Amino acid sequence: MSTLDIILLIIIAAALTAAIASSVKRAKQGRLCGGDCAGCKGCSMGCDKK
Amino acid sequence: MLTLKDIKIGDTVRVESVGGSGALRQHFLDMGIIPGTEVTLVKFAPMGDPMELRLHGYELTLRLADAEQILVSELPEKVQGAEKRAERKRKEHPGLGEGGRFHPKGSGDPLPEGTKMRFALVGNQNSGKTTLFNRLTGAKQHVGNFPGVTVDRKDGAIKGHPDTVITDLPGIYSMSPYSSEEIVSRNFVLNEKPHALINIVDVTNIERNLYLTMQLLEMNIPTVVALNMMDELTGSGGGIDVNSMEELLGVPVVPISAAKNEGIEELVEHAVHVAYYQERPLRQDFCGKSENGGAVHRCIHGICHLIEDHAESAGLPLRFAASKVIEGDELVIARLSLDKNEEEAIEHIVSQMEKERGLDRSAAIADMRFSYIQKLCSGSVTKPHESKEHIRSRKIDTFLTGKYTAIPAFILIMGLVFFLTFNVIGAFLQGLLENGIDKLTSLADTALTNAHVNSTIQSLIIDGIFAGVGSVLSFLPIIVTLFFFLSLLEDSGYIARVAFFMDKLLRKIGLSGRSIVPLLIGFGCSVPAVMATRTLPSERDRRMTILLTPFMSCTAKLPIYAFFVSAFFPGKGALIMIMLYVLGIIAGILAALIYKGTLFKGEAVPFVMELPNYRLPGARNVMQLLWEKAKDFLQKAFSVILIATVAVWFLQSFDMHLNMVSDKEDSILAMVSGIFVPVMKPAGLGDWRIVVSLVSGFMAKESVVSTLEILYSNGVASAMTALSAASLLVFSLLYTPCVAAVASVKRELGRKWAFAMVLWQCGFAWAVALIVRLIGLMAGVG
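Line by line, the protein sequences are chains A and C. According to the numbering used here, the first sequence is numbered sequentially starting from 548. According to the numbering used here, the second sequence is numbered sequentially starting from 146.
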């Protein structure tokens, strides 16, 4: 594996990690709870204020 | 006695009593259908139900079954249409919400320095709330949703006041817990305790709008009333004596035109002033001591004294709590934790009031509010002649909701929207974007080849990320274009009319008229269709509509149909396509009937809806909406879809020992797909290549064809029978929507529902494909 390969792999891994983190963050928001959210998932839009 | 259902078009009658019970009845009352109100029947929907009524100067739709519960009496000829115009003296400006000589002494209770002032923007639907919010905040908005429900929430700082945050609450008609929007708004005001409310009032429809104002004032929170659309009112010969209104309401009143950006600065100054000095409404008592014998007045004040301690410990505004206790609002009653003796005492007081007033509790409170509004309006509002906006709307409606023209016009308009989106504008933009993505892909491919990058990494970047994310990304122009047209239709007021005349048809399958729009969009793309269900007021209707959208054949499936038609049914393309679309609709109706009888028992929400005047939507609002949709889609493309494409690439490129495969038949995907082969066999789809293509179709429907082309190197026609092709067509039509659509469903309904929908659609498709195969075998088609 060349240096370029490793750099590309790191970039892809970083992009995937960011994508997973973003998906998880969105999943935590109330709108993903399907109406079952009881303010317990740390939603940035209000639940965590209470 | 007559009911509202029995009257003829053009008749004006007086409401005598409102039947029904619970939240629906309260909603009737909140919308102004109270004893004594004059109501005119404007027209019936083309299918005879629902009806369009005119009351308190606005148009309302009502189903005949609901109208039957409202008793009315005829008016004497001479009373009809008579209007008094009172002479008024000009009042001095009360100067509420301002500094200077009129500043009420001792009423100020300034917030500590550095406090971030929180505002809530509250108003009726169609009152210009979104336009005002955009004016107040500019482009800096944070979109999210309220906890527990998928009701959109927008926050932003007021321009020029970075130390403020204003929340755009959903458009509501009252503070009764009728819809999720009303509950959200009420809870926000009660629990989040904003420092001030900005109440936007549509002056062209002032009586009904002020009904909400009355209830907001009872909340005892500093409030500013923004009289919106003043330009329309004055343009039609009407006017408002703002000084009188300010004095009668006890809060600052500011005339504005959100659309023309007039009066906004003054509104902000007043809002910031009342919030900073915590200047609460000077008036909350709208019940006259001598009005109708004073029964309501004594009842409210008696209960106020009785529950004072409970309201204080529950953190509820006293006057609001008392009104809600009288109305029998269970949420408020539970929160007050009243003693049994107190509950009984309240019941006695309320019963006595009902007896003395001659109206039931809810009607008496609604009547008290509307009586005050009438007094307020007769003292401060000069009613206009019929506004030019209303005259224009009436003229347009003779065609767009006419008995014989409504449905043809609807088909024509939707046809035009789809044609422009999928054939002209959207398709053109999609072509451009696809070209760009293709060029970028080949550029990246060449660069990676020249740089001698490892072939596996190159495959991951080109065949995985670029191909997967790129194919989904190319849908962005279609989605944005479709939403552009839909927002034009929605904001212009046309969608409300579509719901009006399609209601009867959709009610038969358990939905209300409003569901028609997402279902129609589903023929274009399921992703915006699922997103469009947010406009539906009931959670039951919304869920049911979302689950029905996959039955509407989306445009991404067209390449599959075209591919098999040319291979197996040449010359019968149009027939097969039409049959597939019709089959999708029939399957959808069948599924709706199943849902109606199982998951979503009960009736669709009552169709009590306002029909606003037609208006040209503001370019700024439309652009803002498009930007939100595009941003949302892009975020998804680079998160969920990126992960999924990499996963699929991995599964189709490696075998179980993690060696890269040259033949896809050896891949993990082929092996996993092999498990499903026995399951698919009865439906005539027992070939691993078909299974793999269908699995790849989960990523994007278009890839079914490309996968089949790769896997059947000798041509699909030699390897499949016409009957298998028919089964495959039916299966493709009905099986799970693509990952983007499933992700949308997951976002709206949650993981469980999205997963259940995937399984259900696959099972449903399998069953129908099996039936098609069995019919074919019985008919001797092989």
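Note that CB positions come from ideal geometry on N, CA and C, so glycine has one too. Remember, predicted model here, so these are calculated numbers, not experimental data.
Rounded straight-line distance, which links the Cα of residue j to that of residue i
{"i": "Y517(C)", "j": "Y740(C)", "result": "46 Å"}
{"i": "T694(C)", "j": "F900(C)", "result": "15 Å"}
{"i": "V160(C)", "j": "K338(C)", "result": "37 Å"}
{"i": "M146(C)", "j": "M498(C)", "result": "25 Å"}
{"i": "T586(C)", "j": "A867(C)", "result": "37 Å"}
{"i": "L735(C)", "j": "G742(C)", "result": "11 Å"}
{"i": "V793(C)", "j": "L874(C)", "result": "23 Å"}
{"i": "H238(C)", "j": "Q360(C)", "result": "24 Å"}
{"i": "G669(C)", "j": "G547(C)", "result": "27 Å"}
{"i": "V672(C)", "j": "I445(C)", "result": "50 Å"}
{"i": "I661(C)", "j": "S549(A)", "result": "56 Å"}
{"i": "A912(C)", "j": "I557(A)", "result": "46 Å"}
{"i": "G240(C)", "j": "S507(C)", "result": "35 Å"}
{"i": "I317(C)", "j": "E531(C)", "result": "25 Å"}
{"i": "A231(C)", "j": "V396(C)", "result": "Because A231(C) carries a pLDDT of 49, less than 50, the predicted location of this residue cannot be relied on, and the following value inherits that uncertainty. Approximately 24 Å, taken between the alpha carbons."}
{"i": "I478(C)", "j": "H450(C)", "result": "15 Å"}
{"i": "G667(C)", "j": "V675(C)", "result": "8 Å"}
{"i": "L593(C)", "j": "A888(C)", "result": "32 Å"}
{"i": "A420(C)", "j": "L412(C)", "result": "12 Å"}
{"i": "L756(C)", "j": "L205(C)", "result": "6 Å"}
{"i": "A914(C)", "j": "L728(C)", "result": "12 Å"}
{"i": "D347(C)", "j": "M647(C)", "result": "28 Å"}
{"i": "V791(C)", "j": "S784(C)", "result": "11 Å"}
{"i": "I448(C)", "j": "R464(C)", "result": "9 Å"}
Endpoints, alpha helix (DSSP H) assigned at residue i
{"i": "M902(C)", "result": "R896 to M923"}
{"i": "E98(C)", "result": "Here chain C covers residues 146 to 927 and nothing more, so residue 98(C) does not appear."}
{"i": "L770(C)", "result": "A764 to A782"}
{"i": "A845(C)", "result": "No alpha helix (DSSP H) holds A845(C); DSSP gives it neither H nor E."}
{"i": "F713(C)", "result": "L703 to F713"}
{"i": "T806(C)", "result": "In the sequence under discussion, the amino acid at residue 806(C) is Val, which differs from the Thr named in the question. No alpha helix (DSSP H) holds V806(C); DSSP gives it neither H nor E."}
{"i": "A508(C)", "result": "R506 to S525"}
{"i": "T601(C)", "result": "S600 to S604"}
Nearest residue (CA-CA) to residue i, options the options
{"i": "T275(C)", "options": "E243(C), A596(C), T312(C) and P255(C)", "result": "T312(C)"}
{"i": "K826(C)", "options": "L853(C), F876(C) and T790(C)", "result": "F876(C)"}
{"i": "D583(C)", "options": "F567(C), V617(C), S872(C) and F555(C)", "result": "V617(C)"}
{"i": "H455(C)", "options": "H446(C), A467(C), A589(C) and Y203(C)", "result": "A467(C)"}
{"i": "N859(C)", "options": "A712(C), I786(C) and Y549(C)", "result": "A712(C)"}
{"i": "R834(C)", "options": "A845(C), A864(C), A828(C) and I654(C)", "result": "A864(C)"}
{"i": "R765(C)", "options": "L593(C), L205(C) and N279(C)", "result": "N279(C)"}
{"i": "N269(C)", "options": "R298(C), P257(C), F567(C) and L314(C)", "result": "L314(C)"}
{"i": "D832(C)", "options": "S872(C), S807(C), L803(C) and M801(C)", "result": "S872(C)"}
{"i": "G921(C)", "options": "A870(C), L476(C) and R679(C)", "result": "A870(C)"}
{"i": "N388(C)", "options": "A737(C), G747(C), G242(C) and I452(C)", "result": "G242(C)"}
{"i": "L770(C)", "options": "D636(C), E684(C) and A885(C)", "result": "D636(C)"}
Residue i, enclosing beta strand (DSSP E) - first and last residue
{"i": "A341(C)", "result": "A341 to D347"}
{"i": "K188(C)", "result": "E183 to F189"}
{"i": "H306(C)", "result": "H306 to D313"}
{"i": "I215(C)", "result": "I215 to E219"}
{"i": "Y203(C)", "result": "Y203 to L207"}
{"i": "M676(C)", "result": "Run containing M676(C): none in the beta strand (DSSP E); it sits in the alpha helix (DSSP H), S671 to A677."}
Residue i Cβ short of 7 Å to the ligand MG heavy atom set
{"i": "G240(C)", "result": "Looking for the ligand MG in the displayed structure turns up nothing, as the structure carries no ligands at all."}
Under 7 Å from the C-beta of residue i: neighbouring residues of chain A
{"i": "F118(C)", "result": "Nothing can be reported for residue 118(C): it is not among the residues displayed for chain C, which extend from 146 to 927."}
{"i": "A596(C)", "result": "L551"}
{"i": "V791(C)", "result": "L563"}
{"i": "N599(C)", "result": "M548 and D552"}
{"i": "I602(C)", "result": "D552, L555 and L556"}
Listed by chain order, chain C residues near residue i by CB distance under 8 Å
{"i": "I557(A)", "result": "Within chain C, no residue comes near I557(A); the closest Cβ sits about 11 Å away, beyond 8 Å."}
Residue i: contacting residues in chain A (beta-carbon distance under 8 Å)
{"i": "L787(C)", "result": "A562, L563 and A566"}
{"i": "L605(C)", "result": "I559"}
Okay, do the stretch 713-733 of chain C and the stretch 761-769 of chain C touch, 3+ Cβ pairs below 8 Å being the bar?
no
Quick check: the stretch 536-547 of chain C against the stretch 604-611 of chain C, are at least 3 beta-carbon pairs closer than 8 Å?
no
For the stretch 629-645 of chain C and the stretch 554-568 of chain C, state whether three or more C-beta atom pairs, one from each stretch, are separated by less than 8 Å.
yes
Is there contact between the stretch 402-409 of chain C and the stretch 428-446 of chain C, where contact requires at least three CB pairs shorter than 8 Å?
no
If contact is defined by three or more beta carbon pairs under 8 Å, each pair taking one atom from either stretch, is the stretch 212-221 of chain C in contact with the stretch 363-377 of chain C?
no
State whether the stretch 377-393 of chain C contacts the stretch 514-528 of chain C, with contact taken as three or more CB pairs (one from each stretch) at a distance under 8 Å.
yes
Under 8 Å, with one C-beta from each stretch per pair, do the stretch 906-924 of chain C and the stretch 813-822 of chain C reach the 3-pair mark?
no
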